[in-house]
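Engineer: Residue numbers (the numbering used here): 64 to 350.
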DNA sequence: GAGCTATGTAGAC
DNA sequence: TCTACCTAGCTCT
């Protein structure tokens, strides 16, 4: 389930697996049948990511555009290919491997103009080679919208999602409720630079870890009471699935850690629905 | 095995 | 603002 780092990792994996191979494509589910027919028999040249979008190029003017949405998957495995099961939108078969795409929000073919339009509507991506953070700052510095919402807006910054939003604001001690225009330029620079570090690390690891090495031990100690009786009584409530999830998430400071004490100030991590998504933050140290 | 939830977006209204 | 997308990991029974 992807933020930008997942897509960049996927693009690298698809390139490595299929580059310069003539591929067979099909849409067993039928929802991408015409597109799969157009791609069938072409040479896949490379894949790249921009924000949370994936673009796959072939020896053709058309490019495959995929957005995985909340629960799409695109997984490559070694041949032999198994019989398709369930809602399989697209299968790509190469010389030694195949890849299955399931449940995407977008799976379509784009021409050059449409690809250009896609790039235009996505903000600078911290994982691209030469992103232009000034574009993001131009939007944020003029906006009355809360910075917690701006960081999730893909036209402001491409690729950051709910976890990176929560974690980078915590790491920089900035309240998600502050208006974008109230940030100092240096604060934006710190957010951007931290995103670059965290997201690159996410690509490398294949998962999001935002806790600094120097805090790892303290976080583990903080969570060492996983089965302690008072764990159920942080705010007087019963144990819940959310709380159990939170206890497992030791690689992050605030995301899905509702009710757990903040590593730095001890105040309970807060959560609320915010612009239709769950927002997590520390009311003690994010101002 | 059933039920719930989630790292997201597009499109309908 | 609501709904579709229809996966997959987790918990509960």
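Every residue, glycine too, gets a C-beta built ideally from N, C-alpha and C.
Decide yes or no for the touch test of the stretch 98 to 116 against the stretch 137 to 147: beta carbon pairs closer than 8 Å, at least 3 of them.
Structural biologist: No, the stretch 98 to 116 does not touch the stretch 137 to 147.
Engineer: Under a Cβ-count criterion, where at least 16 other Cβ atoms within 10 Å of its own Cβ denotes burial, should residue 122 be classed as buried or exposed?
Structural biologist: The residue is exposed, with fewer than 16 neighbouring Cβ atoms inside 10 Å.
Engineer: Keeping to the same chain, check which residues put their C-beta closer than 6 Å to that of residue 271; ignore five residues upstream and five downstream.
Structural biologist: So the list reads 226, 265, once near-sequence residues are dropped.
Engineer: Please classify residue 229: is it buried, with 16 or more other beta-carbons within 10 angstroms of its beta-carbon, or exposed?
Structural biologist: Residue 229 should be labelled buried.
Engineer: Given a threshold of 16 other Cβ atoms within 10 Å of its Cβ, counted over all protein chains shown, does residue 99 qualify as buried or as exposed?
Structural biologist: Buried, because 16 or more other Cβ atoms sit within 10 Å of the Cβ of residue 99.
Engineer: With DSSP as the reference, please indicate the residues paired to residue 131 in a beta bridge.
Structural biologist: Residue 131 is not bridged to any residue.
Engineer: Using a threshold of 8 Å, state whether the C-beta atoms of residue 219 and residue 186 are closer than that.
Structural biologist: A contact, by the Cβ cut-off of 8 Å.
Engineer: Where do the ends of the alpha helix (DSSP H) carrying residue 198 lie?
Structural biologist: 196 to 203 is the span of the alpha helix (DSSP H), which, as asked, contains residue 198.
Engineer: I'd like the list of long-range same chain contacts for residue 231, defined as Cβ closer than 6 Å, with 5 residues on each side in sequence excluded.
Structural biologist: Hits under 6 Å: 254, 257, 258.
Engineer: Kindly indicate which three-state DSSP category residue 238 falls into: helix, strand or coil?
Structural biologist: In this structure, residue 238 counts as coil in the three-state DSSP scheme.
Engineer: With 16 other CB atoms within 10 Å as the buried threshold, where does residue 148 fall?
Structural biologist: The residue in question, residue 148, is exposed, as its Cβ has fewer than 16 Cβ neighbours within 10 Å.
Engineer: Where does residue 262 land, buried or exposed, given buried means 16+ other C-beta within 10 angstroms?
Structural biologist: Burial call: buried.
Engineer: Taking the Cβ atom as the reference point for each residue, do residue 150 and residue 108 lie within a distance shorter than 8 Å?
Structural biologist: No, they are not a contact pair.
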